[in-house]
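Asker: For what it's worth, our numbering labels the leading residue of the sequence shown as 65, then goes sequentially.
Note that beta-carbon positions come from the ideal geometry of N, C-alpha and C, so glycine has one too.
Values in this document were obtained by computation on a predicted structure and should not be read as measured data.
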Amino acid sequence: AIVWQYDRDTPYVPSPLLYGTYLYFLKSNSAILSCFDALTGEEHYSRQRIDGLRGIYASPLGAAGRVYFVGRDGKTAVIRNGPKYEQLALNTLDDPIDASPAVVGNEMYLRSHNHLYCLTQDTSAARHEF
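See the structure below:
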């Protein structure tokens, strides 16, 4: 049986992300985000522009209570996982990225057109997660 459905502003290339009970998905290949309760279909927010991003092919990644969206121009937006939109950061690499990010332990991997980046926490400084 179908519990709920939503038939507009859905992704073309990036896969949706289920993180806890939150279902995130982008409109087509753009930086227009929607977040729904995966169990009930209740809309938390929709058509939310992710500041600093435009085209997106990579699927979003959820880790450490955050959701990461990687733009085709090498920028990564970080939002807080939850029912209200809160953008925490915008990071930039000077290299186009189409591939989805991956996490292994405390390391995040980003494959760009020209490089493979490994981002990790700096153990010599104060404790931070990516």
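Note down, one range per segment and in chain order, each beta strand (DSSP E) of at least 3 residues found wholly within the segment 125-169.
Answerer: Here the runs fully enclosed are 125-127, 130-134, 139-144, 151-156, 166-168.
Asker: For SER94, which residues in the same chain have their Cβ closer than 8 Å to its Cβ, ignoring the five residues on either side in sequence?
Answerer: ARG118, GLY119, ILE120
Asker: What residues match up with ARG118 in a beta bridge as DSSP calls it?
Answerer: ARG118 is not bridged to any residue.
Asker: Taking the alpha carbon of TYR83 as the reference point, which residue from ASP137, PRO75, ARG144, SER92 has its own alpha carbon closest?
Answerer: ARG144
Asker: Among the candidates TYR70, TYR149, GLY126, GLN69, whose CA atom is the shortest distance from the CA of SER164?
Answerer: GLY126
Asker: How long is the line joining the alpha carbons of THR74 and ALA122, rounded to whole angstroms?
Answerer: 14 Å
Asker: Can you tell me whether TYR132 is buried or exposed, with buried defined as 16 or more other CB within 10 angstroms of its CB?
Answerer: Here TYR132 is buried: its Cβ has 16 or more other Cβ atoms, across all protein chains shown, within 10 Å.
Asker: Under 8 Å Cβ to Cβ from ILE114, same chain only, skipping five residues before and after it: list those, please.
Answerer: ALA95, ILE96, LEU97, PHE133, ALA141, ILE143, GLN151
Asker: Please go through the same chain and pick out, in chain order, the residues whose beta-carbon is closer than 6 Å to the beta-carbon of TRP68, but skip the five residues on each side of it.
Answerer: Apart from the 5 residues on each side of it in sequence, TRP68 sits with its Cβ closer than 6 Å to the Cβ of GLY105 in its chain, given in chain order.
Asker: Report the option in LYS148, ASN170, PRO160 whose CA atom is closest to the CA atom of LEU87.
Answerer: Comparing alpha-carbon positions, the option among LYS148, ASN170, PRO160 lying closest to LEU87 turns out to be LYS148.
Asker: Going by C-alpha distance, which of THR85, GLY116, PHE89, TYR109 is nearest LEU103?
Answerer: THR85
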